[in-house]
Amino acid sequence: MILPAHAAADLDVNTAAVAAVKATMQNRHSQLLQYYQSGAVGLTAEGFVAVKDAALVPLSQRSALAALVKDENMDRVQLYHGIAVANGHPEWEGEIQRTFALRWIDKAQPGWFVQRDGGWVRK
Numbered sequence: 006m007i008l009p010a011h012a013a014a015d016l017d018v019n020t021a022a023v024a025a026v027k028a029t030m031q032n033r034h035s036q037l038l039q040y041y042q043s044g045a046v047g048l049t050a051e052g053f054v055a056v057k058d059a060a061l062v063p064l065s066q067r068s069a070l071a072a073l074v075k076d077e078n079m080d081r082v083q084l085y086h087g088i089a090v091a092n093g094h095p096e097w098e099g100e101i102q103r104t105f106a107l108r109w110i111d112k113a114q115p116g117w118f119v120q121r122d123g124g125w126v127r128k
């Protein structure tokens, strides 16, 4: 669904629930950073984090990485939903997710992997 021009979502809305999710994600980012930098994880075109190359992670760390990615993606779902609800339009969740996906890919640091046109590319 594409939002009408006169009805744009406030992506910076900051309810208690949205703020809590953002804080948790911010704290987790420092743990994910090394995996972005190594190329083990990347940002998907759907607005999530995915393990791109588990072989870059020592076997002893792979389950911890999988848990980090799972928790991050669960929080991203909560973020998209929370922003849509805070805007009074839960039906906008998909469009909000797509907007965040583009933002995160745009803000990814040089060297990180992102999905474009169905494949992984190094930014």
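Each residue of the sequence shown is one higher than the one before, counting from 6 in this note's numbering. C-beta: ideal position from N, C-alpha, C; glycine also. Small disclaimer: the values here were computed from a predicted structure and weren't measured.
Length of the line joining the Cα atoms of residue i and residue j
i, j, result
"residue 65", "residue 59", "11 Å"
"residue 34", "residue 92", "26 Å"
"residue 80", "residue 38", "17 Å"
"residue 20", "residue 90", "10 Å"
"residue 63", "residue 116", "20 Å"
When the options are compared against residue i, the one with the closest alpha-carbon
i, options, result
"residue 22", "74, 82, 48, 44", "82"
"residue 123", "50, 67, 109", "50"
"residue 61", "48, 13, 41, 78", "41"
Unbroken beta strand (DSSP E) run spanning residue i, endpoints
i, result
"residue 54", "54-56"
"residue 123", "No beta strand (DSSP E) holds residue 123; DSSP gives it neither H nor E."
Residue span of the alpha helix (DSSP H) that contains residue i, given as start and end
i, result
"residue 99", "98-112"
Per-residue burial, residue i [other beta carbons within 10 Å of its own, 16 or more giving buried]
i, result
"residue 163", "With the chain running from 6 to 128 in the structure shown, residue 163 is simply not present."
"residue 126", "exposed"
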